[in-house]
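Chains as they are written, first to last, in my numbering: chain A, 1 to 237; chain B, 1001 to 1113.
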Amino acid sequence: MTDHDHDHDHDRTVKPMVDEITDFEVLEIALRELCIEKGIFTAEEHRRFTEFAEQIGPTPAAHLVAKAWLDPEFKKLALAEPMTASKEVGVDWMEPTGFGTPSDFTAFQILADTPTVHNVIVCALCSCYPRPILGNSPEWYRTPNYRRRMVRWPRQLLAEFGLYLPDEISIHVQDSNQKHRFMVMPLQPEGTEDWTEDQLVEILTRDCLIGVALPKAGVTTNVITDTRQAIHPGTAG
Amino acid sequence: MSGRIEALQEIVERDQVWPVMAAKYGVENPVPPWKTSLDGLCDSLDHAACDENIPNFKERRDEEDALSATVYASLPYPENQLVALAHSLVARGVIDEVELKQRLASIRERLEA
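Okay, structure coming up:
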């Protein structure tokens, strides 16, 4: 093309990029190459796991809950056979990467909130998370601080996320592990009764499906939370 | 595990962390572009953890938590995850420190060619 007569605006279509090779970028490549050369894993395995990491996100989980809110039969299926229900939103837990599970999980369960019980998930041991259906865990979920305090003082910690639950609502903290993953099915909020699945999906944020927030008409973003150092309460001044 | 590793310490000191880079170049991505490849690397290691020196999932995460709170406390996430993983692999003898230094230099040369 010599005329360059198309009508798009290069200034607006080319996004800024980091024009500098960082040490961290170099380090990631170095570790990967050395591991592959030592036969610890193959380049193909790495490529497949990376593709998995690139395509996962919270959208399938949001669709699953929205479908359950709209269809009582699907809700029964989701609670009784969560693996089957997951397939209906495009997630096959047995082969999420197409060639094997990224971790060694063997079970998935959906925890349904009720008017008197609120569920929230954690992994006290490390950072196990329902990645195939909910994507990568947020940074704060991985921190020892969240893990340690959620199992001890859930009501206080949820309040730090802006979720103040009245005392009459019990909080169930479900500890994930390498064999067992969970997600939360919150109650459908008032004022959304005539909404479509796509409208409901917008308010079913990642935070709602972890249990640190409740869905609410008009709220479509996650809470921004600072990560905190793990200071043992016995040693904190 | 908590000893300093010179090659990694130099990286920490240069501080080319993503929040700094993103602000400098006006980029809005919340995480650096190498993050998903790091995720693939961690999953590949977890999948392969049969050699006794290679950390399994729990060991890898425990070491990351401990190192991120101490030696690499100045780094944000996911830089601390990456550097802690490198530290674990060097400390466990999976990767030799000299070999790592040489590889870092040769990769930089390649990328800047």
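The beta carbon of each residue, even a glycine, is placed where N, CA and C say it ideally should be. Quantities reported herein were computed from a predicted structural model and do not represent experimental measurements.
Which whole-angstrom value is the C-beta distance of residue i and residue j, which I expect to be below 8 Å?
i: leucine 204 of chain A; j: alanine 66 of chain A; result: 6 Å
i: phenylalanine 161 of chain A; j: glutamine 174 of chain A; result: Phenylalanine 161 of chain A to glutamine 174 of chain A, Cβ: 16 Å. No contact.
i: methionine 185 of chain A; j: aspartate 113 of chain A; result: 7 Å
i: valine 120 of chain A; j: methionine 150 of chain A; result: 7 Å
i: serine 1037 of chain B; j: glutamate 51 of chain A; result: Actually they do not touch by this definition, with Cβ atoms about 10 Å apart.
i: valine 1017 of chain B; j: valine 1083 of chain B; result: About 10 Å separates the two Cβ atoms, so there is no contact after all.
i: leucine 79 of chain A; j: leucine 1041 of chain B; result: The Cβ separation is near 36 Å, so there is no contact.
i: glutamate 1112 of chain B; j: isoleucine 21 of chain A; result: 6 Å
i: alanine 1048 of chain B; j: isoleucine 36 of chain A; result: Not really, about 11 Å apart at Cβ, beyond 8 Å.
i: arginine 1004 of chain B; j: valine 26 of chain A; result: With 8 Å as the limit, arginine 1004 of chain B and valine 26 of chain A do not qualify as a contact, their Cβ atoms being about 19 Å apart.
Starting from residue i, find everything on chain A with Cβ-Cβ shorter than 8 Å and list it in chain order.
i: arginine 1103 of chain B; result: Ala30, Glu33 and Leu34
i: isoleucine 1011 of chain B; result: Asp23, Phe24 and Leu27
i: glutamate 1099 of chain B; result: Leu34
Enumerate in chain order the residues of its own chain whose CB-to-CB distance from residue i is below 6 Å, with the five nearest sequence positions on each side excluded.
i: asparagine 1053 of chain B; result: Arg1092, Gly1093 and Val1094
i: lysine 216 of chain A; result: Pro189
i: phenylalanine 1057 of chain B; result: Asp1046
i: arginine 206 of chain A; result: Pro58 and Asn222
i: asparagine 1080 of chain B; result: Ser1068 and Tyr1072
i: valine 89 of chain A; result: Pro60, His63 and Leu64
i: serine 1088 of chain B; result: Pro1055 and Glu1063
i: leucine 157 of chain A; result: Arg149 and Met150
i: threonine 106 of chain A; result: Lys179
i: leucine 1085 of chain B; result: none
i: aspartate 1043 of chain B; result: none
i: serine 137 of chain A; result: Ser127 and Tyr129
Below 8 Å on C-beta distance, what does residue i contact in chain B?
i: proline 144 of chain A; result: Asp1065 and Ala1069
i: asparagine 136 of chain A; result: Asp1039
Quick one: which chain B residues come within Cβ less than 7 Å of residue i?
i: proline 16 of chain A; result: Tyr1025, Gly1026 and Val1027
i: glutamate 54 of chain A; result: Thr1036
i: glutamate 139 of chain A; result: Tyr1077
i: leucine 125 of chain A; result: Lys1058
For a contact meaning CB atoms closer than 7 Å, what does residue i contact in chain A?
i: arginine 1092 of chain B; result: Simply none; closest approach about 12 Å.
i: methionine 1021 of chain B; result: Val18, Glu20 and Thr22
i: alanine 1086 of chain B; result: Leu27 and Leu31
i: glutamate 1052 of chain B; result: Within chain A, no residue comes near glutamate 1052 of chain B; the closest Cβ sits about 13 Å away, beyond 7 Å.
i: proline 1055 of chain B; result: The contacting residues do not exist; proline 1055 of chain B stays about 11 Å from chain A at best.
i: isoleucine 1005 of chain B; result: Those within 7 Å of isoleucine 1005 of chain B in chain A number zero; the least Cβ separation is about 11 Å.
i: serine 1002 of chain B; result: Simply none; closest approach about 16 Å.
With a threshold of 7 Å on Cβ separation, who are the neighbours of residue i within its own chain once the five nearest residues in sequence on each side are excluded?
i: arginine 246 of chain A; result: Outside the shown range of chain A, which is 1 to 237, sits residue 246 of chain A, and nothing can be said about it.
i: arginine 155 of chain A; result: Leu165 and Ile171
i: alanine 84 of chain A; result: The sequence shown places threonine at residue 84 of chain A, not alanine. Only Leu77 meet the Cβ criterion.
i: proline 1019 of chain B; result: Pro1076
i: valine 1031 of chain B; result: Trp1018 and Pro1078
i: proline 82 of chain A; result: Phe108, Gln109 and Ile110
i: leucine 125 of chain A; result: Asn177
i: lysine 75 of chain A; result: Ala68
i: threonine 56 of chain A; result: For clarity, residue 56 of chain A is isoleucine in the given sequence; the question names threonine instead. Same-chain partners within the cutoff: Arg131, Pro132, Gly135 and Asn136.
Mind pulling the chain B residues with CB within less than 9 Å of residue i?
i: cysteine 208 of chain A; result: Per Cβ cutoff of 9 Å: no residues; cysteine 208 of chain A is ~20 Å from chain B at best.
i: glutamine 178 of chain A; result: Phe1057 and Lys1058
Please list, in chain order, all residues of the same chain as residue i whose beta carbon is under 8 Å from its beta carbon, the five residues on each side excluded.
i: valine 1027 of chain B; result: Met1021
i: methionine 1 of chain A; result: Because the pLDDT at methionine 1 of chain A is just 40, under 50, the model does not fix this residue reliably, and the value given afterwards should be weighed accordingly. None.
i: proline 233 of chain A; result: Caution applies to proline 233 of chain A, whose pLDDT of 46 falls short of 50 and renders its modelled position unreliable; the model cannot decide the point.
By the criterion of Cβ-Cβ separation under 9 Å, what are the contact partners of residue i in chain A?
i: serine 1074 of chain B; result: Those do not exist, as serine 1074 of chain B stays about 12 Å from chain A at its closest Cβ, beyond 9 Å.
Problem set entry | Three CB pairs or more closer than 8 Å across the region 60-79 of chain A and the region 183-199 of chain A | yes
Exercise. Does the pairing of the region 89-96 of chain A with the region 1071-1082 of chain B give three or more beta-carbon distances under 8 Å?
Worked result: no
Exercise. Does the count of Cβ pairs from the region 1095-1103 of chain B and the region 1052-1072 of chain B closer than 8 Å reach three?
Worked result: no
Exercise. Are three or more beta carbon pairs between the region 1054-1071 of chain B and the region 161-168 of chain A nearer than 8 Å?
Worked result: no
Problem set entry | Whole runs of the beta strand (DSSP E) within the region 43-124 of chain A, excluding any shorter than 3 residues | 107-112 and 117-122
Problem set entry | Within the region 157-204 of chain A, ranges of the alpha helix (DSSP H) (whole runs, at least 4 residues) | 197-203
Exercise. Can you list, in chain order, the stretches of the alpha helix (DSSP H) that have 4 or more residues and sit fully within the region 1002-1079 of chain B?
Worked result: 1006-1014, 1018-1025, 1035-1048 and 1057-1069
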